[in-house]
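Just so you know, we're using my numbering here: the sequence shown kicks off at 227 and counts up by one.
Read through the structure below, which is laid out as structure tokens, and then see the notes.
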Amino acid sequence: MFEAIAESFSAVFPGVWGELVLVLIGGGAFTTGLVGLLLGGRRLPPFEIPPRLRPYANFAFVIMFLAGLTLITNTAPDFVERLVMAIVQG
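Below is the structure:
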């Protein structure tokens, strides 16, 4: 599933930039899920989650955490090297 997403991003953002977009999206999802879980599903700024929805919110935070972690770790081992080379070469 994530390979299909990576291929579609590669069509829109050629080269290493598609992987960078996926890593940034993964970082945001990972951070949001982690903060939501650390706050116990009670509040995630800027809103308060009602008590009857907290189990669903915790489930959503776990899914976001795992999806973000998957997107971050799904990159190639030489991703940072290729990113630096793309930036340096302009």
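For each residue, glycine too, the CB sits at the ideal point set by N, CA and C.
Using only alpha-carbon positions, find the residue among the options that is nearest to residue i.
i, options, result
"L264", "N284, I251 and G252", "N284"
"L292", "F256, I275 and R269", "F256"
"A286", "L250, L248, G262 and I313", "G262"
"F235", "T301, G316 and E307", "T301"
Would you kindly work out how many angstroms separate the C-alpha atoms of residue i and residue j, rounded to a whole number?
i, j, result
"L246", "R280", "32 angstroms"
"L309", "T258", "25 angstroms"
"G266", "L260", "10 angstroms"
"P277", "L270", "13 angstroms"
"M206", "E233", "For the chain, the structure presents residues 227 to 316; residue 206 sits outside this window and is missing."
"V306", "V288", "27 angstroms"
To which residues of the same chain is residue i closer than 7 angstroms at the C-beta, ignoring the five residues directly before and after it?
i, result
"G253", "G294 and I298"
"I251", "L297"
Using a threshold of 8 angstroms, state whether the C-beta atoms of residue i and residue j are closer than that.
i, j, result
"V249", "A312", "no"
With a threshold of 8 angstroms on Cβ separation, who are the neighbours of residue i within its own chain once the five nearest residues in sequence on each side are excluded?
i, result
"R268", "E274, I275 and R280"
"V238", "G244"
Look up residue i in the DSSP assignment and say whether it is helix, strand or coil.
i, result
"F273", "strand"
"N284", "helix"
"F239", "coil"
"A302", "coil"
Given 7 angstroms as the limit, tell me if residue i has its C-beta closer than that to any heavy atom belonging to the ligand COA.
i, result
"M311", "With respect to the ligand COA, the structure shown offers nothing to examine, as it has no ligands at all."
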